[in-house]
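Visitor:
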Ligand SMILES: [Cu+2]
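In this note's numbering, the protein residues as written are 3 to 304.
Written out as structure tokens, the structure reads:
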């Protein structure tokens, strides 16, 4: 009986250690694969705001993306939204183990995972340098590699991860990227967290791999909730992230802003306590990017 209770407590302690949101340093395991996916950039075939049809972009095409799996890559987990890979979560002090497998039998290319914002030894950098980098920078199809990461005090925030193997230029253009969201050791988790990955895809400027209102993610919140926007970008372009009806503090203090510039591989998070009901636009404010799809809807209910 006592032994049974001890076992129960041990199981409970283990379960708590793995739960996101608690404040003790934890070891978190993520199982991720680069895997072929069918993707559609403009599922409804139109730019609803300007009334322009994009029938060709309704057709799914095949590309390679990061997807989350259960232990030993046995089963693919349901995917939240967007072309980007799973949001890797952690807290300052955590060790994060990313077990990566290259399941790219579409292009049959090497891939890797290179993480911004966290600490790791050179061997887990995931960036290909001929003659110097380790296996983790050039994971061949069918092979796997575990990246051992540590969230330091300087890791709190939002960061991109992406392929940095010899195939990175093509694979990033195809969507092989994702985000890390690291909370401070005792920081409150937001009620809503929206990932906004600004990147080109084909002829479009996409948010999470989708173009135009009605295709890009519809983000929803209620008045009173603490919302957090995770804004990230890869590619060649600078963007200006803008949310209608809302303002936030400039980075590093200073005044309020409602538009924030972001360049390749930069990232930031924006938080506010929601108090503005409405159906708002969020978008990149570079006008040619808006014209090519970088707009979405944010709905706030009372
Ligand atoms: Cu833009």
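From the three backbone atoms N, C-alpha and C, an ideal C-beta is built for every residue, glycine too. Here the structure is a predicted model, which is why all the values come from computation and not from measurement.
Hey, could you find the ends of the alpha helix (DSSP H) residue 174 is sitting in?
Guide: 170-175
Visitor: Using C-beta distances below 8 Å, list every residue in its chain close to residue 140, excluding the 5 sequence neighbours before and after it, in chain order.
Guide: 112, 114, 130, 167 and 168
Visitor: If you measure from the CB of residue 207, is any heavy atom of ligand 1 nearer than 7 Å?
Guide: Result yes, Cβ under 7 Å from ligand 1.
Visitor: Would DSSP call residue 11 helix, strand or coil?
Guide: Here the model assigns residue 11 a pLDDT of 47, short of 50, so the residue's position is not dependable, and the following value carries that caveat. DSSP places residue 11 in helix when its eight states are reduced to three.
Visitor: Can residue 200 be considered in contact with ligand 1, in the sense that its beta carbon sits closer than 7 Å to one or more heavy atoms?
Guide: The answer is yes for residue 200.
Visitor: Roughly how many whole angstroms lie between the Cα atoms of residue 231 and residue 193?
Guide: 11 Å
Visitor: Is any non-hydrogen atom of ligand 1 found closer than 7 Å to the C-beta of residue 193, if you look at the structure I gave you?
Guide: no
Visitor: Given this structure, state the Cα-to-Cα distance separating residue 54 from residue 62, to the nearest angstrom.
Guide: 19 Å
Visitor: Let's see if you can read the secondary structure: which residues bound the beta strand (DSSP E) around residue 246?
Guide: First-last for residue 246: undefined, no H or E at that position.
Visitor: Quick one: does residue 40 have its CB under 8 Å from some CB of chain D?
Guide: Looking at the structure shown, chain D is missing, and only one protein chain is on hand.
Visitor: Three Cβ pairs or more, each shorter than 8 Å: is that satisfied between the region 141-155 and the region 90-105?
Guide: Touching, yes.
Visitor: Answer with buried or exposed for residue 290, where buried requires no fewer than 16 other C-beta atoms within 10 angstroms of its C-beta.
Guide: exposed
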